[in-house]
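Chemist:
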Amino acid sequence: MITVQDVELRAGARLLLSGVTFRVQPGDRIGLVGRNGAGKTTLTKTLAKQTLPAAGTVTHTAPVGYLPQDPRTGDLDVLARDRVLSARGLDEVMRRLEKAQVELGERPDDADLLERYGRLEERFDNLGGYAAEAEAARICSNLGLPERALAQPLGTLSGGQRRRIELARILFSDATTLLLDEPTNHLDADSIVWLRGFLQKHAGGLIVISHDVELLEAVVNKVFHLDANRAELDQYNVGWKTYLQQRETDEKR
Numbered sequence: 003m004i005t006v007q008d009v010e011l012r013a014g015a016r017l018l019l020s021g022v023t024f025r026v027q028p029g030d031r032i033g034l035v036g037r038n039g040a041g042k043t044t045l046t047k048t049l050a051k052q053t054l055p056a057a058g059t060v061t062h063t064a065p066v067g068y069l070p071q072d073p074r075t076g077d078l079d080v081l082a083r084d085r086v087l088s089a090r091g092l093d094e095v096m097r098r099l100e101k102a103q104v105e106l107g108e109r110p111d112d113a114d115l116l117e118r119y120g121r122l123e124e125r126f127d128n129l130g131g132y133a134a135e136a137e138a139a140r141i142c143s144n145l146g147l148p149e150r151a152l153a154q155p156l157g158t159l160s161g162g163q164r165r166r167i168e169l170a171r172i173l174f175s176d177a178t179t180l181l182l183d184e185p186t187n188h189l190d191a192d193s194i195v196w197l198r199g200f201l202q203k204h205a206g207g208l209i210v211i212s213h214d215v216e217l218l219e220a221v222v223n224k225v226f227h228l229d230a231n232r233a234e235l236d237q238y239n240v241g242w243k244t245y246l247q248q249r250e251t252d253e254k255r
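With this note's numbering as the guide, the letters of the sequence shown map in order to residues 3 to 255.
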């Protein structure tokens, strides 16, 4: 999963966090909260190893999927469907299978080609095959991405559609831990409801930044509050409603 040990974060000379230690274990669904500019996005980028802490260590022991606020979508000439499938390496295997099929049509008795095609089919099956392809399509559909959008190059899609493609890619990736920075951006009401259900059933770890209170209430079982004034991360091992009550009590002290 993710282990954070004595991490210090800075934005230039400004101290954001000091001496932070925690673990993200299977079943942990953590809401990361704090005022704007407190360092929530910087912390998630650090947890994803997209940037280095000023001090301390971040260790991954299983795959991590990261959705930043402004995700990079890679090659804009790639088809949207292939971008999603690339999370498990299916896109490359399918391209090689299609090429081998064409070659077999031209040289059906080529023993080496038949052997290579068999290895590719086995690899395709090991990655989930047609069932995985259907799973990716279901995720995309539930995020409001119709079949026609998946057949288009990324560069022809709107910014909101490309962000949904990146979210679909991460949810399809089978990453053990998900780091999601405002995952409901550009989603309609039905897609948000579906995403809540997906995250509730996610067996691995989760850290989510969201302004969607209903999502936080439905999904998280821990809350980490980044206190910008103290440069500390207050950790509450409770759900959203109980956190609000405890936070109110803490702030009165």
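From the three backbone atoms N, C-alpha and C, an ideal C-beta is built for every residue, glycine too.
For T63, does the three-state DSSP call read helix, strand or coil?
Modeler: The sequence position of residue 63 within the sequence shown is 61, counting from 1. DSSP places T63 in coil when its eight states are reduced to three.
Chemist: Hey, would you say T44 sits closer than 9 Å to L18, going by beta carbons?
Modeler: Position 42 of the sequence shown holds residue 44. Position 16 of the sequence shown holds residue 18. Yes; because the gap between Cβ atoms is below 9 Å, this pair is in contact.
Chemist: Would you identify the three-state DSSP class for L145, choosing helix, strand or coil?
Modeler: As a working mapping, residue 145 is identified with position 143 in the sequence shown. Of the three classes helix, strand and coil, the one that applies to L145 here is coil, per DSSP.
Chemist: Could you tell me the boundaries of the alpha helix (DSSP H) in which V26 lies?
Modeler: For this step, residue 26 is matched to residue 24 along the sequence shown. That residue, V26, is in no alpha helix (DSSP H); its beta strand (DSSP E) goes 16-26.
Chemist: Mapping the DSSP letters down to three states, classify D79 as helix, strand or coil.
Modeler: Numbered from its first residue, the sequence shown carries residue 79 at position 77. In this structure, D79 counts as coil in the three-state DSSP scheme.
Chemist: Does the separation of the CB atoms of L182 and V222 fall below 9 Å?
Modeler: The residue given as residue 182 occupies position 180 in the sequence shown. The residue given as residue 222 occupies position 220 in the sequence shown. Cβ atoms of L182 and V222: not closer than 9 Å.
Chemist: Measuring alpha carbon to alpha carbon, tell me which of L92, Y119, V86, R85 ends up nearest E105.
Modeler: Mapped onto the sequence shown, residue 105 falls at position 103. With distances taken between Cα atoms, E105 lies closest to Y119.
Chemist: Tell me the start and end of each unbroken alpha helix (DSSP H) in the region 24-58 that is at least 4 residues and wholly inside, in chain order.
Modeler: Within the region 24-58, the complete alpha helix (DSSP H) runs of at least 4 residues are 42-49.
Chemist: If you compare alpha carbons, which of T5, I32, A15, V60 is closest to A205?
Modeler: In the sequence shown, residue 205 corresponds to position 203, counting from 1. Out of T5, I32, A15, V60, I32 has the C-alpha closest to the C-alpha of A205.
Chemist: So for R232, helix, strand or coil by DSSP?
Modeler: Translated into positions along the sequence shown, residue 232 becomes position 230. Here R232 sits in coil by DSSP.
Chemist: Pull the bridge partners of K203 from the DSSP assignment, please.
Modeler: Taking the sequence shown and counting its residues from 1, one reaches residue 203 at position 201. Answer is none; K203 lacks a bridge partner.
Chemist: Tell me, please, whether the region 78-87 touches the region 183-200 by the rule of three or more beta-carbon pairs shorter than 8 Å.
Modeler: Touching, no.
Chemist: Exposed or buried, what is T53 when buried is set at 16 or more other beta-carbons lying within 10 Å of its beta-carbon?
Modeler: Residue mapping note: residue 53 aligns to position 51 of the sequence shown, counting from 1. Classification for T53: exposed.
Chemist: T5: which of F24, R125, A15, D111 sits nearest, CA to CA?
Modeler: As a working note, residue 5 is residue 3 in the sequence shown. Among F24, R125, A15, D111, the Cα nearest to that of T5 is on F24.
Chemist: List the endpoints of the continuous alpha helix (DSSP H) containing E105.
Modeler: Position 103 of the sequence shown, counted from the start, is the residue given in the question as residue 105. Segment 92-108, the alpha helix (DSSP H) holding E105.
Chemist: Are there 16 or more other CB atoms within 10 angstroms of the CB of S160, so buried, or fewer, so exposed?
Modeler: What you label residue 160 is simply residue 158 of the sequence shown in a count that begins at 1. Exposed: under 16 other Cβ atoms inside 10 Å.
Chemist: Have a look at the DSSP bridge pairing and note the partners of L182.
Modeler: The residue given as residue 182 occupies position 180 in the sequence shown. Per DSSP, L69, V210.
Chemist: Taking 7 Å as the limit between beta carbons, can you name the residues of its chain near Q71, skipping five residues before and five after?
Modeler: As a first step, residue 71 must be located in the sequence shown, where it is residue number 69. The residues are T43, D183, E184.
Chemist: Determine which residues share a DSSP beta bridge with Q237 and list them.
Modeler: On the sequence shown, residue 237 is found 235 positions in, with the first residue counted as 1. Q237 is bridged to F226.
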